[in-house]
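Those protein sequences? They're chains C and E, same order as listed. Okay, so the first sequence: first residue is 168 according to the numbering used here, each after it adds one. Okay, so the second sequence: first residue is 8 according to the numbering used here, each after it adds one. Cβ atoms here follow ideal geometry from the backbone N, Cα and C, with glycine treated the same way.
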Amino acid sequence: DAKTTQPPSMDCAEGRAANLPCNHSTISGNEYVYWYRQIHSQGPQYIIHGLKNNETNEMASLIITEDRKSSTLILPHATLRDTAVYYCIVRVLNTGFQKLVFGTGTRLLVSP
Amino acid sequence: ETGVTQTPRHLVMGMTNKKSLKCEQHLGHNAMYWYKQSAKKPLELMFVYNFKEQTENNSVPSRFSPECPNSSHLFLHLHTLQPEDSALYLCASTRDPGDTDTQYFGPGTRLTVL
């Protein structure tokens, strides 16, 4: 699976949009981009995933560049409860099982 | 609440103790996973079970012994652990091992080995 690079930490004011970048320059054509987050001392929580089109759900939006070498997770109106470590993961879907390789992620701090 | 529960939430044990971690999923999933998260380290996959059969052992020491009696329950039996085994142990499940949508995680068991 391709490697991802994320900034170690980011700050965001409550109510503003949080834009979390991820570089995956070695991504291959059949690899999806997944985002999970982990609130302190809890298990990771799935947020969203995509292949090449932009995706949106009730939690967030995922913007993938046309060359697919980077993506941005957008939390449109960050709240204090969005403070967490956010993980960007790329993986191939046709493997025998869903092995997620977590990196060190981006620690997002949402402040009042 | 993800539908995956883990007990106990916290556990302190000595190096000579034997204890077990329990995971239960109420989602009707067929694949279950054990992960380890040490302080300041990424999550590490330990074991994968698919339809009660172990399909992945990620070079985990034998002092960790998993058991999957049915698709809803997963145990991690611990014996003669070392202090460096102190970590957050997370259980997860998916509908199928190749499920594309999401891996549901439990809240974890915080293990401290003295």
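Here E/Met39 is buried: its Cβ has 16 or more other Cβ atoms, across all protein chains shown, within 10 Å.
Rounded to whole angstroms, the Cβ separation of E/Thr101 and E/Gln110 is 5 angstroms, and the two are in contact under 8 angstroms. Taking the beta carbon of C/Leu267 as reference, the chain E residues within 7 angstroms of it are Gln110, listed in sequence order.
Counting along the chain, the unbroken beta strand (DSSP E) around E/Val11 starts and ends at 11-14. When the five nearest sequence neighbours on each side are left out, the beta carbons in the same chain lying within less than 7 angstroms of the beta carbon of C/Asp249 are those of Ala185, Leu242, Leu275, Val277, in order along the chain. For C/Tyr213, the closest Cβ of chain E is nearer than 7 angstroms. Taking 9 angstroms as the Cβ-Cβ cut-off, the stretch 13-39 of chain E approaches chain C at Gln13, Ala38, given in chain order. A straight line joining the alpha-carbon of E/Cys75 with that of E/Lys47 spans about 29 angstroms. Residue environment analysis places E/Thr14 among the exposed positions, since fewer than 16 neighbouring C-beta atoms fall within 10 angstroms of its C-beta.
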